[in-house]
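Participant: Chains as they are written, first to last, in my numbering: chain D, 313 to 716; chain H, 510 to 879.
One structure is given below, represented as structure tokens, and several questions about it will come after.
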Amino acid sequence: MATQSEPKPGVRMTEGGRSFSLATAVLLILPLVLLGGVIALFLTTGGGLQLASPVPVEALTVERTVMAPGTIEIAVRNGGPEPLTIAQVIINDAVWPMDVVPRRTIPRLGRATVRLDYEWVEGEAYAIRLLTGNAIAFDVEIPVAFTTPTPTGRTFLSFTLIGLYVGVIPIYLGILWFPALRALERRWMVFLLALTVGLLLFLGVDTVVEALEQAASVPAPFQAIGLVAIGATATFVLLMAITRRQQAIGRDEADRRLALAYMIAAGIGLHNLGEGLAIGAAYNLGEIALGAFLVVGFIIQNITEGLGIIAPVLRDRPSLRNLALMGLIGGVPAVVGAWIGGFAPSATLSVLFFGIGTGAIFEVAYEIAGMLRKDMAKESMPLVIFAGVFAGMVLLWVTGMLIK
Amino acid sequence: MNGLESEGLTRRNFLKIGGAGIAGLTGVAGLHRISAGEAAAAPPHQEHQQEHDEHAQMTVGQVDHQRNGFHPLDLLYDFDYGTVTEENGRTVREWNIVAVDQEVEIAPGVYFPAWVYGSPTSAASRKQGRVVGQVPGPTLRCVEGELLRIHFANASLHPHTLHFHGIHSARMDGAPGIGRGMIGPGESFTYEFDAEPFGLHLYHCHVFPLARHIAKGLYGTFIVDPQGGWPPVDHEYVMVMNGIDVDFDDENDFYAVNTIPFHYQLHPIPIKVGETVRIFLVNLLEFDPINSFHLHANFFHYYPTGTSLEPSEYTDTIMQAQAQRGILEFAYKYPGLFMFHAHKTEFAELGWTGNFEVTVAEGAGDGDAE
């Protein structure tokens, strides 16, 4: 086969491709075959290493606790390297009969539900200890006992209302500034864009912190930090690719600014999805206290998100439909998040969403920065930009004081 | 608004609070409400006359006693008299005690790396046809004034001793650094002393760290009968109150008499109305300062340390500090299922609970107790 195409470099390329399909293919597969052999060797002989652990290594993650009158259900996941068996359960210093569904021995990464028939009392605290066959104890704290909400029409409506207040309403209030801000002179529009960058940076850092905080409750094999990195990087690069593609297609500046506004809405939406998840999960954990003052503070802080969405399109004439749609994209995820967090919370999913939100927020901040650079090329106003970014971050920091 | 003042609230904490605020503000607080009916939960308690159904508060499943090598029923009845010979007209009683490392299923499905004593003359070893370790160790029983020889062999991976409560010379005391001191792995030593005073005593390993060596299971009951014996009774039981710290945090996770939590609750001890019962009760609980014994619907005569033939008290509850012990004597007047348990109820709910199943003796009327 090598004789056919010696002279022409162009054909040599093809020839290279052809040999790839034969000899190279073998060379490509050979390491995989050897790998299989090495694995087989290790599985059968241990490869001369002392692989048996002198102590049992077990990890059990509590994913959810569901309380109903007379019963407590604990959903757990085995995050350890070996199957583990839940042998006994002790609740408030009393050994208690229990049932594990589907079975008491949980495979690696497998899930199971521990069920106790226990006449718990509303408002009291419970400490549950799950003992494995190797006598390793895993503790579950129930700081305040109350019936876990089940997906009834009423709780569904409640979570929806929570989401509306947290996400949708503040954002629309922010968007309502649109007609007034349109009348501003150019310098102030640049200021608002810079302000949006500040807001986004603050939100982005906040989202990272949320992700890392949640990461602690994700089973180790799911590598929460890796999920954050993948979610953030993939989202950032994907959004960047979409933006470049739009520019390549050659849409006009106004269209691009509109697209950017949509992307801001989407980034903020992902952030609000995370907030919704947290609210729903907190509701399940009973960590909810009442306070109208806090809700007011919440609306004040999130109104700035609406401002951020409209900042890029102030010099254009986006249709009412576009504005309405952007508000929905930014706000409705809070409702969806509350539903998921309330009815099917998952720390792993939350971490992934927070990661995606981080990538989206930083990418949007990056795009706006690019837009500002273009504006600067026409008329340099570095102090306005500094003031805007600074004001944006301080604005969230100050309004944060109202609610923390 | 509780939680507002909490330190270190993050944005997510705030969200939690904020979310609730919304619930309150929009008048959907009902979603947070639990009806009074749901909340009216009775405290968990045990029915004294409960049948052994699945609602009983106890462990789930059954311990594999065959695998453990010893059975709680044997621990209750088994007195290891060793072997008796005569030397110069004096009775000599000898035992062979071995210390081994042995995994014990301490509660159903929970395995504990115990250190245990075994004896070829214990019921467990005789049944298994080999020397089996057990927790508590074999109940060694002799008569006041006999010469005792305890041949101790250490087959464990750690140094151990046999320290008897009794009256003996310092070099037979089984304490580290005194006499022969610690008996290393693979080594052996014979402890020799006279059986005195009569009463209910105990033995345990005295190697440091002491709490760990005892909590791992190296202890047992040592009974010195008075010359002529105690007055005859229908049943004699040995109950060693102990606890197991399965996760080595120096707190007991399970409590019991004779090691296995709830065993005598699940398998009540059968006696007849009017039959006299003597319990040799020894407290070998580590980590907790005191233990107690409470008998339901009855009173007992209590002989502290068993060193007097006259009871000191007529009661239904006694307490014992660590290594305290005493003899209880009673008979039941009525038939039925009667609990006995630590009146430190935490211990009771973590395993230290049992039942007597009292039935009417054939040919006997009701209520003919002593």
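Virtual Cβ for every residue (Gly too), placed ideally from N, Cα, C.
Computed from a predicted model, the values in this text were never measured in an experiment.
So, is the C-beta of Asn446(D) closer than 9 angstroms to a C-beta in chain H?
Facilitator: Judged by the 9 angstroms Cβ criterion, Asn446(D) is in contact with chain H.
Participant: Mind checking the segment 392 to 403 of chain D against chain H and listing, in chain order, the residues whose C-beta falls within less than 9 angstroms of any C-beta there?
Facilitator: The residues in question are Thr397, Ile398, Ala399, Gln400, Val401, Ile402, Ile403.
Participant: Apply the 10 Å Cβ neighbour rule to Phe789(H) and answer buried if 16 or more other Cβ atoms are within range, or exposed otherwise.
Facilitator: The residue is buried, with at least 16 neighbouring Cβ atoms inside 10 Å.
Participant: How about Ile576(D) and Thr508(D): are their beta carbons less than 9 angstroms apart?
Facilitator: Cβ distance < 9 angstroms, so Ile576(D) and Thr508(D) count as in contact.
Participant: Would a C-beta distance cut-off of 9 angstroms place Leu493(D) and Trp500(D) closer than the cut-off?
Facilitator: Cβ atoms of Leu493(D) and Trp500(D): closer than 9 angstroms.
Participant: Chain H partners of Asp405(D), CB-CB under 7 angstroms?
Facilitator: Within chain H, the residues near Asp405(D) are Glu855, Glu858, Leu859.
Participant: Report the option in Lys842(H), Leu793(H), His852(H) whose CA atom is closest to the CA atom of Phe802(H).
Facilitator: Here the closest residue by C-alpha is His852(H).
Participant: Where does the unbroken beta strand (DSSP E) through Val716(H) begin, and where does it stop?
Facilitator: Run containing Val716(H): none; DSSP gives neither H nor E here.
Participant: Name the chain D residues that come within less than 9 angstroms of Met567(H), Cβ to Cβ?
Facilitator: Here the neighbours are Val407, Trp408, Pro409.
Participant: Could you give the C-beta distance for Thr768(H) and Val644(H), rounded to a whole number, given that I count them as a contact under 8 angstroms?
Facilitator: Sure, about 5 angstroms apart at Cβ, within 8 angstroms.
Participant: If you follow the beta strand (DSSP E) that Val749(H) is in, where does it begin and where does it stop?
Facilitator: First-last of the beta strand (DSSP E) with Val749(H): 744 to 753.
Participant: Helix, strand or coil for Tyr678(D)? Go by DSSP, reduced to three states.
Facilitator: If DSSP states are grouped into helix, strand and coil, Tyr678(D) belongs with the helices.
Participant: What separation, rounded to the nearest whole angstrom, lies between the Cα atoms of Val569(H) and Ser665(H)?
Facilitator: When rounded, the distance between both Cα atoms is 31 angstroms.
Participant: Tell me the rounded alpha-carbon separation between Gly835(H) and Thr814(H).
Facilitator: The alpha-carbon atoms of Gly835(H) and Thr814(H) are separated by roughly 4 angstroms.
Participant: Check Ala832(H) in the structure and name its three-state DSSP category.
Facilitator: Correct three-state label for Ala832(H): coil.
Participant: What would DSSP say about Val696(D), mapped onto helix, strand or coil?
Facilitator: Val696(D): helix per DSSP, three-state reduction.
Participant: To the nearest angstrom, report how far apart Phe666(D) and Glu760(H) are at their CA atoms.
Facilitator: Taking the straight line from one Cα to the other gives about 40 angstroms.
Participant: Got a sec: does the ligand ATP put a non-hydrogen atom nearer than 8 angstroms to the Cβ of Pro645(D)?
Facilitator: For the ligand ATP, the structure offers nothing, since it holds no ligand at all.
Participant: For the beta strand (DSSP E) containing Asp429(D), name the first residue and the last one.
Facilitator: Residues 423 to 429.
Participant: Give me the residue from Pro741(H), Leu656(H), Val733(H), His722(H) with the minimum Cα distance to Ile753(H).
Facilitator: Answer by Cα proximity: His722(H).
Participant: How long is the line joining the alpha carbons of Met750(H) and Leu372(D), rounded to whole angstroms?
Facilitator: Taking the straight line joining both Cα atoms gives about 32 angstroms.
Participant: Looking only at its own chain, which residues have a Cβ that is under 6 angstroms from the Cβ of Gly700(D), when we skip the five neighbours before and after it?
Facilitator: Contacts found: Phe503, Ala506, Leu507.
Participant: Determine, for Pro617(H), whether the minimum Cβ-Cβ distance to residues of chain D falls below 9 angstroms.
Facilitator: Closer than 9 angstroms to some Cβ of chain D, the Cβ of Pro617(H) qualifies, so yes.
Participant: Using DSSP with H/G/I as helix, E/B as strand and the rest coil, what is Phe771(H)?
Facilitator: Phe771(H) falls in the coil class under three-state DSSP.
Participant: Closer than 7 angstroms by beta-carbon distance: list the chain D residues that pair up with Pro770(H), in chain order.
Facilitator: Residues of chain D passing the Cβ test: Val407.
Participant: Apart from the five residues just before and just after Leu513(D), which ones in its own chain have a Cβ nearer than 7 angstroms to its Cβ?
Facilitator: So the qualifying residues of the chain are Ala677, Met705.
Participant: Have a look at Glu679(D), Leu340(D), Tyr430(D) and flag the residue whose alpha-carbon is nearest the alpha-carbon of Met379(D).
Facilitator: With distances taken between Cα atoms, Met379(D) lies closest to Tyr430(D).
Participant: Straight-line CA distance for Val412(D) to Arg427(D)?
Facilitator: Roughly 6 angstroms between the two C-alpha positions.
Participant: Rank Ala689(D), Ala449(D), Ala437(D) by C-alpha distance to the C-alpha of Asp758(H) and give the top, closest one.
Facilitator: Taking only the C-alpha atoms, the option nearest Asp758(H) is Ala449(D).
Participant: Got a sec? Which residues, its chain only, sit under 6 angstroms from Ala523(D) by beta carbon, not counting five neighbours each side?
Facilitator: Contacts found: Val540, Val663, Phe666, Gly667.
Participant: Please name the residues in the segment 758 to 783 of chain H whose beta-carbon is closer than 9 angstroms to at least one beta-carbon of chain D, in chain order.
Facilitator: Hits within the stretch, in order: Asp758, Asp762, Phe763, Pro770, Phe771.
Participant: Rank Ala571(D), Ala406(D), Asp518(D) by C-alpha distance to the C-alpha of Pro624(D) and give the top, closest one.
Facilitator: Checked all of Ala571(D), Ala406(D), Asp518(D); the closest Cα to Pro624(D) is Ala571(D).
Participant: Given this structure, state the Cα-to-Cα distance separating Ala672(D) from Thr545(D), to the nearest angstrom.
Facilitator: If I take the Cα positions, the gap works out to 9 angstroms.
Participant: Taking just the CA atoms, how far does Met552(D) sit from Leu488(D)?
Facilitator: Going from the Cα of Leu488(D) to the Cα of Met552(D) covers about 29 angstroms.
Participant: DSSP has Ala477(H) in a bridge; who is on the other side?
Facilitator: Outside the displayed range of chain H (510 to 879) lies residue 477(H), so it cannot be described from this structure.
Participant: Note down, in chain order, all residues in the segment 603 to 637 of chain H with a beta-carbon under 7 angstroms from any beta-carbon belonging to chain D.
Facilitator: Flagged, chain order: Ala616, Pro617, Gly618, Val619, Tyr620, Phe621.
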